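Have a look at the structure below, then the notes.
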Amino acid sequence: MDKQALRDISYGLYLVTSVSGEKVNGQIANTVFQVCSETPKIAISINKDNLTHEYIKKSGVVAISVLEQDTPMTFIGNFGFKSGKDIDKFSQVKYEKGETGAPIVSENTLSYIEGKVVDSADVGTHTLFVVDVVDAKVLKEGVPMTYDYYHAVKKGKSPKNAPTYINEKEAEKAPEKPVKEEMKMERYVCTVCGYVYDPAEGDSEGGIPAGTAFENLPDDWTCPVCGAAKDEFEPE
Ligand code: FE
Numbered sequence: 000m001d002k003q004a005l006r007d008i009s010y011g012l013y014l015v016t017s018v019s020g021e022k023v024n025g026q027i028a029n030t031v032f033q034v035c036s037e038t039p040k041i042a043i044s045i046n047k048d049n050l051t052h053e054y055i056k057k058s059g060v061v062a063i064s065v066l067e068q069d070t071p072m073t074f075i076g077n078f079g080f081k082s083g084k085d086i087d088k089f090s091q092v093k094y095e096k097g098e099t100g101a102p103i104v105s106e107n108t109l110s111y112i113e114g115k116v117v118d119s120a121d122v123g124t125h126t127l128f129v130v131d132v133v134d135a136k137v138l139k140e141g142v143p144m145t146y147d148y149y150h151a152v153k154k155g156k157s158p159k160n161a162p163t164y165i166n167e168k169e170a171e172k173a174p175e176k177p178v179k180e181e182m183k184m185e186r187y188v189c190t191v192c193g194y195v196y197d198p199a200e201g202d203s204e205g206g207i208p209a210g211t212a213f214e215n216l217p218d219d220w221t222c223p224v225c226g227a228a229k230d231e232f233e234p235e
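Okay, here's the thing in structure tokens:
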């Protein structure tokens, strides 16, 4: 089997939220798709280890934000690379409770969809939830973030709990880019999310120009993907 073929499947990038009593949580997911148009239904694949999974199981309700293309990596990092078991992901994020009681986030959101779980399938590490759409609304015009854009342009990584996670050690290595002599500064990897700081590229979102060595980054610089501090990085 050539697992590379699976990488050619296209996805979007979504914020999936749910509720448990007074508590709310959410996570980033790429596997959200419509499965029926008459009485609209969507399906979502969620890792069983995630707190959002626990909340969806308990409450049976879910809300989905379709994220816009220029969603900042810090927003994605907060929901995608941190656990609601450790932090309150909503402490800096505005939301309103929808018709189902699920938290609806409008930040960086083109449209939202909320609904009730009507069926589920155990697919191993993940549960596939089938959701009856209760309400949906377009908040603004724009271009939705695709999973390909997230990887190729935003340089985003897939966390281990993603259904499409690829163990890079198992995956065939892409041919190494030739390293320019004058750019032989060391690359550093974020131990939290796997983001690689490449001095040759800098960090445009954080205002760091290309050619800035890791050692010369400001002390308050943080990982553009997950928000981890500089001391969470190690040489690649
Ligand atoms: Fe990180």
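Mapping the sequence shown onto numbering that gives the first Met the number 0, position 30 (from 1) lands on 29, and the numbers just tick up by one. The beta-carbon is built from N, C-alpha and C at its ideal position, and this holds for glycine as well. Remember, predicted model here, so these are calculated numbers, not experimental data.
Of the listed residues the options, nearest to residue i (C-alpha basis)
i    : options                  : result
I43  : D69, K22 and Y10         : Y10
K96  : I207, S36, Y54 and A62   : A62
G79  : E140, W220, G201 and Y13 : Y13
G205 : P223, D197 and A151      : P223
F32  : G25, I45, P71 and E21    : I45
K57  : E231, K22 and N77        : K22
G155 : G193, D87 and V142       : G193
D134 : S119, P162 and T99       : T99
V130 : Y54, G123, S119 and T124 : S119
F213 : G226, E235 and C225      : E235
D121 : T163, H52 and S82        : H52
E123 : Q3, I8, N160 and M0      : Contrary to the premise, residue 123 reads as Gly rather than Glu in this sequence. Answer by Cα proximity: N160.
F232 : Y196, P217 and N215      : Y196
G226 : S157, P71 and Y149       : P71
Contact test: residue i Cβ vs the ligand FE heavy atom, cutoff 6 Å
i   : result
C35 : no
DSSP three-state assignment for residue i, whether helix, strand or coil
i    : result
E237 : Given a span of 0 to 235 for the chain in the structure shown, any question on residue 237 remains unanswerable.
I8   : coil
S58  : helix
K22  : strand
I86  : coil
L50  : helix
G250 : Given a span of 0 to 235 for the chain in the structure shown, any question on residue 250 remains unanswerable.
A228 : strand
P78  : Position check: residue 78 holds Phe in this sequence, whereas Pro was assumed. The answer is helix: DSSP assigns F78 an H, G or I state.
Nonlocal neighbours in the same chain, by C-beta distance under 7 Å from residue i, ignoring five residues either side
i    : result
V132 : P39, K40, I41, I112 and G114
Near the ligand HEM: residue i beta-carbon under 6 Å from a heavy atom
i    : result
V137 : The ligand content of the structure shown is limited to the ligand FE, which means the ligand HEM is not among them.
Contact set for residue i: own chain, Cβ-Cβ below 6 Å, skip 5 residues either direction
i    : result
G201 : I207, P208, A209 and T211
S64  : L14, V104, T108 and Y111
V142 : Q68
D89  : The sequence as given places Phe at residue 89; Asp does not occur at that position. Taken in chain order, the residues that qualify are V23.
Neighbourhood of residue i by C-beta distance below 8 Å, restricted to the same chain and skipping five residues each side
i   : result
Y94 : T16, V23, P102, I103, V104 and S105
>> Strictly closer than 5 Å from CB to any heavy atom of the ligand FE: give me those residues in the order they appear in the chain.
In response: This selection yields C189, V191, C192, Y194, C222, V224, C225 and A227.
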